[in-house]
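Quick notes on the structure that follows.
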Ligand code: ARG
């Protein structure tokens with residue numbers, strides 16, 4: 102078990118008490134870039150599958166060493182993006198809202214997630230009517246759902262999620278195609294609070310930036326370079342923040358708020374346009 106570091110929080114965020122999490126991941130056995138549905142996916146850049154698998158295994162093992170449990174989906178050769186398990190559903194309060202993908206290349210993934218959740222049977226499952234890419238565009242604070250739209254998930258999915266989960270949904274407009282999912286532009290650092298996030302303002306419309314400033318006056322604001330390293334595509338258990346190692350300038354602000362950043366190298370997965378969070382679905 103990884104223990105909290107000795108440094109003293111300077112800020113009430115990032116208390117060293119963190120909660121054990123349950124994650125769902127999918128090994129990148131068949132991860133390739135065979136189509137391009139976001140600006141990161143370059144068909145001329147080959148993926149080193151063995152390196153992808155080694156980096157992914159490091160992430161899974163890190164979670165386990167922190168005391169979290171990780172379940173695994175069976176990889177499918179015809180679904181190379183299945184490694185981005187965060188997109189398959191939103192699981193919250195024992196309810197599962199399945200994904201409905203925006204691009205035909207990924208349609209089949211919704212069923213893989215649905216079958217997995219139904220077989221496990223520890224919650225109610227609902228198929229989505231409107232396009233939503235799971236935790237790619239939905240994230241959770243203590244009281245709210247934050248929801249991105251503009252590239253993948255439909256604004257109508259926000260209504261659907263609010264009705265299904267009974268939580269207020271705050272819609273955020275994404276405007277930069279490099280940050281096509283909310284989880285590439287914003288990360289909730291402590292889901293037991295409503296005020297602990299980091300985000301890259303440039304990914305959002307002017308109105309959504311104003312909403313974020315109003316809701317999160319103490320947020321860590323990322324620079325473009327950290328956003329481009331997919332530094333916001335991070336996973337926090339309320340204390341440890343696992344993030345891509347190239348996002349160097351986020352480390353100090355995280356430590357100053359009492360969090361323990363843990364950088365990790367997922368460079369091969371970046372070729373698909375994803376990193377730590379994309380590979381990690383949380384079963385809440
Ligand atoms: N290649 C995938 C896509 O474009 C990457 C998904 C990344 N996942 C995420 N949660 N942002 O759909």
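Numbering (our numbering), first residue to last: 102 to 385. All C-beta atoms in this analysis are idealised placements derived from N, C-alpha and C, irrespective of residue type, glycine included.
Residue nearest to residue i in terms of C-alpha spacing, selected from the options
| i | options | result |
| --- | --- | --- |
| residue 166 | 368, 375, 343, 202 | 343 |
| residue 371 | 152, 209, 115 | 152 |
| residue 302 | 123, 329, 293 | 329 |
| residue 315 | 324, 323, 297, 379 | 297 |
| residue 295 | 243, 374, 318 | 243 |
| residue 272 | 279, 246, 253, 291 | 246 |
| residue 171 | 119, 128, 239 | 128 |
| residue 280 | 161, 232, 333, 265 | 333 |
| residue 278 | 231, 154, 250 | 250 |
| residue 255 | 269, 265, 282 | 282 |
| residue 119 | 220, 300, 291 | 291 |
| residue 346 | 159, 384, 270, 229 | 159 |
| residue 384 | 188, 209, 140 | 188 |
| residue 122 | 350, 356, 336 | 336 |
| residue 234 | 198, 115, 260 | 198 |
| residue 358 | 299, 349, 327 | 299 |
| residue 348 | 327, 356, 310 | 327 |
| residue 139 | 209, 204, 268, 161 | 204 |
| residue 229 | 260, 223, 161 | 260 |
| residue 258 | 144, 117, 308, 202 | 202 |
| residue 174 | 293, 130, 144 | 130 |
| residue 241 | 274, 350, 262, 222 | 262 |
Residue span of the alpha helix (DSSP H) that contains residue i, given as start and end
| i | result |
| --- | --- |
| residue 170 | Looking at the DSSP string, residue 170 is not in any alpha helix (DSSP H); the run it does join, the beta strand (DSSP E), is 170–173. |
| residue 154 | 150–166 |
| residue 315 | 307–316 |
| residue 64 | Lying before the first or after the last residue shown, residue 64 is absent from the chain, which here runs from 102 to 385. |
Extent of the continuous beta strand (DSSP E) to which residue i belongs
| i | result |
| --- | --- |
| residue 299 | 298–300 |
| residue 226 | 225–227 |
| residue 287 | 287–289 |
| residue 125 | 123–126 |
Cα-Cα separation, residue i to residue j
| i | j | result |
| --- | --- | --- |
| residue 164 | residue 286 | 22 Å |
| residue 276 | residue 306 | 6 Å |
| residue 132 | residue 369 | 10 Å |
| residue 190 | residue 353 | 32 Å |
| residue 214 | residue 200 | 8 Å |
| residue 211 | residue 324 | 33 Å |
| residue 180 | residue 206 | 8 Å |
| residue 225 | residue 195 | 7 Å |
| residue 360 | residue 134 | 34 Å |
| residue 149 | residue 376 | 15 Å |
| residue 103 | residue 168 | Because the pLDDT of residue 103 is 42, which lies under 50, any placement of that residue in the model is unreliable, and the question is left without a value. |
| residue 320 | residue 340 | 15 Å |
| residue 155 | residue 304 | 31 Å |
| residue 238 | residue 248 | 5 Å |
| residue 193 | residue 313 | 23 Å |
| residue 338 | residue 220 | 26 Å |
| residue 381 | residue 317 | 24 Å |
| residue 364 | residue 236 | 21 Å |
| residue 331 | residue 374 | 8 Å |
| residue 108 | residue 362 | Confidence is the limiting factor: at residue 108 the pLDDT is only 41, short of 50, which leaves the residue's position unreliable, though a coordinate-based value still follows. Cα-Cα distance, rounded: 12 Å. |
| residue 137 | residue 182 | 11 Å |
| residue 126 | residue 185 | 8 Å |
| residue 288 | residue 176 | 26 Å |
| residue 227 | residue 267 | 14 Å |
| residue 311 | residue 232 | 26 Å |
| residue 218 | residue 322 | 35 Å |
| residue 308 | residue 284 | 19 Å |
| residue 110 | residue 293 | For residue 110, the predicted model reports a pLDDT of 43, less than 50, meaning its position is unreliable and no value from the coordinates is stated. |
| residue 270 | residue 141 | 28 Å |
| residue 209 | residue 379 | 17 Å |
| residue 162 | residue 117 | 21 Å |
| residue 157 | residue 124 | 14 Å |
Residue i CB to nearest heavy atom of ligand 3 below 8 Å
| i | result |
| --- | --- |
| residue 188 | You won't find ligand 3 in this model; what it holds is ligand 1. |
Continuous beta strand (DSSP E) assignments of at least 3 residues falling wholly in the region 187–220: 190–193, 196–199
Contained alpha helix (DSSP H) runs [length at least 4] in the region 219–272, N- to C-terminal order: 256–266
Inside the region 318–363 only - beta strand (DSSP E) runs reaching at least 3 residues: Fully enclosed beta strand (DSSP E) runs of no fewer than 3 residues occupy 341–345 of the region 318–363, in order along the chain.
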